[in-house]
Amino acid sequence: MKLPRYRARALRSSYWKPGTDYKHKILDAVRGIVQRGDVIVVSEKAISTAMGRIIDESGIQPSLSAELICKFWMRKVWAYFLGPLTRLSRTNISRLKNYPLEDGARHKQLSLSYAGLLASLKHGSEGGIDVSNLPYSYASIPLSEPYKIAYEIKSHIKGRTGVDVDVMIVDSDKTFSIFSFHMSSRPSFVKGIKNLSLFAFIFGRLLRLRPRSTPIALASNGICAEEALQIAAVSNRVRGDGAGKTAWDVAEHFKVGVSQVSWEMLESVSHYPLVIVRRIR
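In case it helps, the working numbering puts the sequence shown at residues 1269 to 1549.
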């Protein structure tokens, strides 16, 4: 199937802290710009943070399983076998060799509780749990019903502007495609995308399959999985990574420890939680 070409525009916004009225923020950003048939692509993490779906990992008591994952699986299996096998960068492999034992165990305990064992064995972004571009020891939890939120945003925009748009919620965690088969390493509610958890990342990287950001939910009647993935990829290219792609990158950007990044630091950086994607006719 031949897909159309797209034009994408990232919309700058203030950092969405817990309690932010994200629907109002989205409406203000797109009003007067959006056209019928546009796709409004929204970051899942931005919505999760605004909704208060974040957890302070510093208060978590790790189990023996979480500690073993850090000491053996992360520092040994990922650092010396899976990391090189999946062609992770030297920087990331070095980070895995020195994976933090205490803070890392708390994070793995959170992922065990919310995402399960298989997802917790991934080297990062376990089941959609994310710690990048968040302050202190906070982690964002994936939306439980993102499809409802996507339709609420779509309805809110149409009700206030009269413009009928499609809405997509995305995560930068990758989906790998081989022909018409699409496998993600985290849950997605988009038909045609299969969650294979850890195996999706390993097979996708090992076989050098095409990686694209993962559409989590879609409020549209006419967008298939392949087009959704293409739109997600286009939006990710123009959005950027905020203060950094990983928690380590963010900490290095601000020259502080990983758990010392503050709300004020994050607010000082440009954020683009929204992207308008328009088909070129």
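Each residue gets a CB set at the ideal place from its N, CA and C atoms; glycine is no exception.
No experiment lies behind these values; they were computed from the predicted model shown.
Exercise for review: Over the uninterrupted beta strand (DSSP E) stretch that includes residue 1517, give me the two end residues.
Suggested key: Run containing residue 1517: none in the beta strand (DSSP E); it sits in the alpha helix (DSSP H), 1515–1522.
- [ ] Closer than 8 Å by C-beta to residue 1517: which residues in its own chain qualify, once you throw out the five before and the five after it? Chain order, please.
- [x] Cβ neighbours of residue 1517 beyond the five flanking positions: 1400, 1509 and 1511.
- Query: Across which residues does DSSP place residue 1463 in a beta bridge pair?
  - Reply: The partner list for residue 1463 (beta bridge, DSSP) reads 1452.
With three or more C-beta pairs closer than 8 Å as the rule, is the segment 1293–1307 touching the segment 1276–1284? By the criterion of at least three beta-carbon pairs nearer than 8 Å, the segment 1276–1284 is in contact with the segment 1293–1307.
Give every residue of the same chain whose Cβ lies closer than 6 Å to the Cβ of residue 1335, excluding the five residues on either side of it in the sequence, and list them in chain order.
Cβ contact annotation for residue 1335 (same chain, cutoff 6 Å, sequence separation greater than five): 1373, in chain order.
request  = Please check the pair residue 1414 and residue 1437, which I expect to be a contact at CB under 8 Å, by giving their CB distance rounded to whole angstroms.
outcome  = Correct: roughly 5 Å between the Cβ atoms.
Here's the rule: buried if 16 or more other CB atoms are within 10 angstroms of the residue's CB, otherwise exposed. What is residue 1329?
The C-beta of residue 1329 has fewer than 16 other C-beta atoms within 10 Å across all chains shown, which makes the residue exposed.
Rounded to whole angstroms, what is the Cα-Cα separation between residue 1302 and residue 1544?
The alpha-carbon atoms of residue 1302 and residue 1544 are separated by roughly 7 Å.
query: Identify the residues that DSSP records as bridge partners of residue 1442: which are they?
result: According to DSSP, which records beta bridges pairwise, residue 1442 is partnered with 1481.
Have a look at the DSSP bridge pairing and note the partners of residue 1433. For residue 1433, DSSP records no beta bridge to any residue.
Rounding to the nearest angstrom, what Cα-Cα distance links residue 1501 and residue 1360 in this structure?
Whole-angstrom Cα-Cα distance: 23 Å.
Can you tell me which of the three DSSP states residue 1271 falls into?
DSSP places residue 1271 outside both helix and strand once states are collapsed to three, so it counts as coil.
_Nearest-angstrom Cα separation, counted from residue 1449 out to residue 1270_ = Cα-Cα distance, rounded: 16 Å.
* Under a Cβ-count criterion, where at least 16 other Cβ atoms within 10 Å of its own Cβ denotes burial, should residue 1324 be classed as buried or exposed? -> Counting Cβ neighbours within 10 Å, residue 1324 comes out exposed, since fewer than 16 surround it.
Output yes or no for whether 8 Å exceeds the beta carbon distance between residue 1480 and residue 1497. Taking 8 Å as the Cβ cut-off, residue 1480 and residue 1497 qualify as a contacting pair.
Q: Using only alpha-carbon positions, find the residue among 1387, 1499, 1378 and 1536 that is nearest to residue 1310.
A: Residue 1499 holds the alpha-carbon nearest to the alpha-carbon of residue 1310 among 1387, 1499, 1378 and 1536.
message = Quick check: the Cα distance between residue 1527 and residue 1403, rounded to an integer number of angstroms?
response = Distance from the CA atom of residue 1527 to the CA atom of residue 1403, rounded to whole angstroms, is 7 Å.
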